[in-house]
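Going by my numbering, the residue at position 50 of the sequence shown is 46; the numbering climbs one at a time, nothing skipped. Ideal Cβ positions, reconstructed from N, Cα and C, are used throughout, including at glycine. To start, the structure itself, in structure tokens.
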Amino acid sequence: MKIEISEQYLTLMASALNDAIKYNEGFLNSETIKDYSDYEEHLVCLETFQGWLEDEYNRLGKDNPSLMAYDKVVKKI
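What follows is the structure in structure tokens.
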């Protein structure tokens, strides 16, 4: 399946996904919930999607020099 998306939206999607993962990780570490199972599964799904998106982003970046580097969009810790 091929998805048509502009460079700007692809960059925004990568950044938003990274923010969502950081937020969920912080929520899991806050110890304000009693049942972690659903949240951990949700986080694993987000991280799996992020891995795929990073691979696709970097693949597309090879042919699009104007696309911002993934590491600059998503700051790795």
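C-alpha distance - residue 66 paired with residue 40, whole-angstrom precision | Mapped onto the sequence shown, residue 66 falls at position 70. Mapped onto the sequence shown, residue 40 falls at position 44. Their Cα atoms are separated by approximately 20 Å.
Nonlocal neighbours in the same chain, by C-beta distance under 6 Å from residue 69, ignoring five residues either side = Here residue 69 refers to the residue found at position 73 when the sequence shown is read from its first residue. Here the set comprises 7, 10, 11.
Close-in-space but distant-in-sequence residues of the same chain around residue 62 (CB under 7 Å, 5 per side omitted) | To locate residue 62, count along the sequence shown from 1; it is residue 66. Within the same chain, 3 come within 7 Å of residue 62 by CB-CB distance, once the 5 residues on both sides are set aside.
So what does DSSP say about residue 8, is it helix, strand or coil?
-> If you number the sequence shown from 1, residue 8 lands on position 12. In the three-state reduction of the DSSP assignment, residue 8 falls in the helix class.
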